[in-house]
Each structure stands twice: as structure tokens, then as C-alpha cells.
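Residue numbers (numbering that gives the first Met the number 0): 0 to 511.
Read the structure below first, then the notes.
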Amino acid sequence: MRVAIGGFSHETNTFNPTPTTLERVRRDGVYVVGDEVLTYYRGTGSTMGGIIDGCDREGLDMVPIFFATHGPSTGAIESDVIHDAANRLARGIADAAPAGILLHLHGAAAGKEIDDPELHILRAIRQAVGSRIPLVVVFDLHANIGLGWAEYADAIIGYKTAPHIDTYELGQQGATLIARALRSGVRPVCRLAKPPILVKSGLMSMSAGSQALMKPPMYWLVQRAAELAREPGVLDVTVAAGFGDADVPESGMTMLATTDGDRALGDRIVAELAQLAWSLRSGFRTDLVLTPVETAVRRAIETAEWPVILADQGNNSAGGSPGDGTAILAALKRAGWPDAALFICDGDAVREAARLGIGGTFAGEIGGKLEPLNGDPVSIEGTVRLLFDGSFIDPHFSLPTRLGLAAVIRCGATDVILTERPSSQIHPQYFRVVGIEPKTRRIIVVQSAHLFRDQFQFREPIGRTIIEVDSPGITNPDARAFMYHRLRRPIFPLDDLSDDEARRSTLGLATA
Numbered sequence: 000m001r002v003a004i005g006g007f008s009h010e011t012n013t014f015n016p017t018p019t020t021l022e023r024v025r026r027d028g029v030y031v032v033g034d035e036v037l038t039y040y041r042g043t044g045s046t047m048g049g050i051i052d053g054c055d056r057e058g059l060d061m062v063p064i065f066f067a068t069h070g071p072s073t074g075a076i077e078s079d080v081i082h083d084a085a086n087r088l089a090r091g092i093a094d095a096a097p098a099g100i101l102l103h104l105h106g107a108a109a110g111k112e113i114d115d116p117e118l119h120i121l122r123a124i125r126q127a128v129g130s131r132i133p134l135v136v137v138f139d140l141h142a143n144i145g146l147g148w149a150e151y152a153d154a155i156i157g158y159k160t161a162p163h164i165d166t167y168e169l170g171q172q173g174a175t176l177i178a179r180a181l182r183s184g185v186r187p188v189c190r191l192a193k194p195p196i197l198v199k200s201g202l203m204s205m206s207a208g209s210q211a212l213m214k215p216p217m218y219w220l221v222q223r224a225a226e227l228a229r230e231p232g233v234l235d236v237t238v239a240a241g242f243g244d245a246d247v248p249e250s251g252m253t254m255l256a257t258t259d260g261d262r263a264l265g266d267r268i269v270a271e272l273a274q275l276a277w278s279l280r281s282g283f284r285t286d287l288v289l290t291p292v293e294t295a296v297r298r299a300i301e302t303a304e305w306p307v308i309l310a311d312q313g314n315n316s317a318g319g320s321p322g323d324g325t326a327i328l329a330a331l332k333r334a335g336w337p338d339a340a341l342f343i344c345d346g347d348a349v350r351e352a353a354r355l356g357i358g359g360t361f362a363g364e365i366g367g368k369l370e371p372l373n374g375d376p377v378s379i380e381g382t383v384r385l386l387f388d389g390s391f392i393d394p395h396f397s398l399p400t401r402l403g404l405a406a407v408i409r410c411g412a413t414d415v416i417l418t419e420r421p422s423s424q425i426h427p428q429y430f431r432v433v434g435i436e437p438k439t440r441r442i443i444v445v446q447s448a449h450l451f452r453d454q455f456q457f458r459e460p461i462g463r464t465i466i467e468v469d470s471p472g473i474t475n476p477d478a479r480a481f482m483y484h485r486l487r488r489p490i491f492p493l494d495d496l497s498d499d500e501a502r503r504s505t506l507g508l509a510t511a
């Protein structure tokens, strides 16, 4: 049976002022059409890699249509990017005349004029092919799912972990589900509910295998969802934590249940999960997990066992920061440049380092140039130790990674890695490709909320101590520090709601 595959992925931080343009997506992201989708993603650990391998395993005849993605280091998406993706997918799928459709849509895209790009894409596809062809969507845990998704997609299933260690498996699960819908008479139907809860990335760590990777509210929610998913007639239950860095009406948590044609069962499940999430809301507090910058650096220097991992929460490039936050850099300078390594995105500075050459003395201001919330530039002086073209294969997903030009500047005992492009250092390889072995350093700074934990704490336990730093920046986990204009209100933690008000503000219970 012929199954069309493809998708679109962007996690949009609307507080990032740099627009996501079609030129940037084509130049800096991934933009593949037709068989290029298979060539690029086959054999990778990504969701699309799982979709491809899953379709092969199920004996499905794949028709690759289109896939585009861009790292989250840019802000709101220009409309032509969204229209391009929608048109390519809709026309390509219509021309392919498949029996089924399997898409990977991130779920946290946000446009300048189009609030919900994925909904726009789904609507365009249905307008092109009609409503009878089964359509399955695989999405990211950090998705802001709109109620309208369920009008166009039969099954909507998402990651269950943060850091995302199940991306490949969810792609395979999507392939299994579309195969069942085509062959065995399964009639997937998705129901959803949106409690009035806004959560930002640093508060939702949830992964299998280690209690140290779990933060209680999300752990309890995901565990209950897993129990409900085992009930007869249930095909999938997902808790979408949402992406609180997007100022759009759809932002916030979503409960989704896909059943075999049983709408009432799905409604019961999402209602229970929405109520449970509301009862646990007090656990989503930044003061429970974050440490002030100066305290974090002092603790890292004084800790007897190292390496110490400092997670730069306000400068999380995977969550949309431009990667030039200077709070921890400035604290390390004030501490006399201790044994540490950290990344700063600064194209002008790295090009100046390249001009000076290895062994040259770099003196100038770095960072703090792209986003005022990320701090002021910091003046440094040090020796250029290494220059690198910035290209390597990320071992986690087996996909190309491009940092742009990179340079290592040694300031005292601190190595500052300058790059042209933002990166999130979710894998030790980011340090190793520039000649730095994380295991041998006292302090390693990662621009990541939780994705780093899988590699640095679980698979390769490098970090003896991990400190989540309450650094300023557009990805700081405290939603109360930001001015939202388009977000639906009332919503926790920005507003005080009674239990009755929360029930009345939970979207989808009667209309999804």
C-alpha cells in the first residue's frame, strides 16, 4: 500500500527577533524534496528515520513528498515559508494518490501572520485529498497543539520523553499505526483537551531509566498516560507539555488520546489527564529547580567532584535563544577564569579570531549582541588555540551538524568556543570536535534546558553534578518574566484561577 510521508518542523520562540525566512531554511536548515527525503533521513535516529524504517518493516510503499526543518535559533516564521511547505505537501500528496498519509510535524511552529502553521498545513492537505484517506501525525513533546488538528488528522501521537530519547521509536509507531489503519480496520480518532497551564522547557524533564532525569509533575502525568494507553481500544495517549516560548493562542499543555473509533473513551481519558495536570500545577515552579548564576558558578568551582555541568537555562539554543547569552561567561570572568569550557555564538568575533590565526591574541567584546535579554557583551583577552570549519556528524541522530566557523579562545583556564551559528551542545561531541574532552574539565557549560541530560548524564555519565542555572535570556523557564500579548488568558502561572475557573477554561472537553 502506498503511504505518503513528509513533514515540517520548527520550534518557534516568538521572543527571538530574527525572522525565520525561506532563504534561511534552505541555506541553514534541511529542505528536501521527493527521494531526497529518503536519502537524507534513512538510517538516522530521527523521527523521519523511524518513519522510513517503520514503513519498510511494515512493507508499505513509501512516497516521499517533502520535509523542511530549521533549528530553533530564529523567531516567527514568514508566511511564504508556511505556504511553501503547505503547497508542496498538499500538491505532492494529491499527485501521489496514496492510501495513507504519515507526517512528522513538530507542533510548536508559529508564524508572523499564521499562528498555527501545522494546522494550516493539515487543512491544505485535506482540501487537496479529502477526508477519507487516513492521516497520522507524529509530533514533539514541546508541541502547542490546536484543537483544530483533530478535525484533519485521524491520529496524533507524540514523544513521551524530554530529553527526547524516543524520537525514532515514535516514527516507527506512526508507521505501525498507519499500517493498522490501512490493513486491519482500525479507525483511529483523536480527542484532546487543553487545561489552562503554560510550562516552559526547563520544567519538564521526563525520561525513562533514571530518577535523576525526572521532574515530578511531568513524570506523574506521563506515567498515568501510559497506564491509560493500555486500556482496551486505546491506540495512544500523549501529554504534550507545550512550548511556553511561543506567544500564540495555542500555547500550553495538551492532553491527547487516540482510540479505535471510541470518542467517549478518548474524552474520558483527556478529561482525567487535564484534571490531574491542574492538581499538580504547583510543581511547575522555577524556584524548585534553578540556581542563581553567581551561586551556580561558585558551587561549581568549590565542588570536590567534577566535571560539573552548568545548564544555561536562559540561553538555551534548542529553545530559540540566539546562543550569545553572557551571564555565565561574565561570572566566570569575575571568578578569575577557572577551568571551564563554554560556547558563545558571535560571528564577528569568530571571524576576527580566524583573521588572527592560531597563536594570535584575541582581545575584544563577545556575546550579548543579538538579544538584549541575553546580557551585555563581555570583554575578553586570550589566545586563539584552534580553528575549525564547524561541520561534524551528531552521533545521537547521525545527522550533519553545522556550527559555521568555530574558534577556541583560551582565557586563563577557561576555553571559550566561538561559533558563527548557535548550538545547544546536547552531546559531548560538540566539545570533542574542538579538542576539548569534557571528562577532564572542572566546569562544562551547555546551552540546553534538558536535552543534554540523555548524553551527559545517562548514556555517558560525565556530569558528577548538574546545576540548572537561572540565567537571564529569552528561554528562562519563568513565564512570569515575559510579556505575552496573544496567549489565551487566564492561564497558570500568569493568572490565579480557582478550580472551577480552570475547568471552565479547559478547552476541548466538549468540542474537540
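Note that the Cβ used here is the ideal one computed from N, Cα and C, for glycine as well.
Predicted model, so just to flag it, every value in this text is computed and none were measured.
Cα atoms of residue 241 and residue 138: separation of roughly 11 Å, rounded to the nearest angstrom.
Assignment of beta-bridge partners to residue 364 by DSSP yields 378. Residue 280 sits buried, since 16 or more C-beta atoms from the chains shown fall within 10 Å of its C-beta. Following the DSSP letters along the chain, one finds residue 57 inside the alpha helix (DSSP H) bounded by residues 46-57.
The continuous alpha helix (DSSP H) containing residue 168 extends over residues 166-182.
By the 16-neighbour rule on beta-carbons within 10 angstroms, residue 106 is buried. Runs of the beta strand (DSSP E) lying entirely within the stretch 97-166 and spanning at least 3 residues, in chain order: 99-104, 134-138 and 154-157. Per the Cβ contact rule, the stretch 364-373 is in contact with the stretch 314-334 (3 or more Cβ pairs under 8 Å). By the 16-neighbour rule on beta-carbons within 10 angstroms, residue 316 is buried. Assigned with DSSP and collapsed to three states, residue 499 falls in helix. Remark: C-beta atoms of residue 417 and residue 345 approach each other more closely than 8 Å. Nearest to residue 247 by C-alpha distance, out of 492, 485 and 473, is 485.
The beta carbon of residue 433 is closer than 7 Å to those of 385, 387, 405, 407 and 416 in its chain, skipping five residues each way along the sequence. Looking at the DSSP output, residue 193 bridges to 506. With respect to residue 302, residue 464 sits close: the two C-beta atoms are nearer than 8 Å. Under DSSP, residue 340 shares a beta bridge with 414 and 443. With respect to residue 409, residue 381 sits close: the two C-beta atoms are nearer than 8 Å. Going by C-alpha positions, residue 228 is about 12 Å away from residue 272. For residue 336, the closest of 239, 114, 274 and 440 by C-alpha to C-alpha distance is 440. The Cβ-Cβ distance between residue 84 and residue 132 does not fall below 8 Å.
Taken in chain order, the unbroken stretches of alpha helix (DSSP H) that lie wholly in the stretch 247-323 and span 4 residues or more are 262-278 and 292-301.
Check the Cα spacing between residue 231 and each of 256, 167, 456 and 238: the tightest is with 256. Of the other Cβ atoms in all chains shown, fewer than 16 fall within 10 Å of the Cβ of residue 126; this residue is therefore exposed. Shown here, residue 346 sits in a helix according to DSSP, grouped into three states. Per DSSP, residue 469 lies in no beta strand (DSSP E) and is assigned neither H nor E. When only Cα atoms are considered, residue 130 and residue 194 end up about 28 Å apart.
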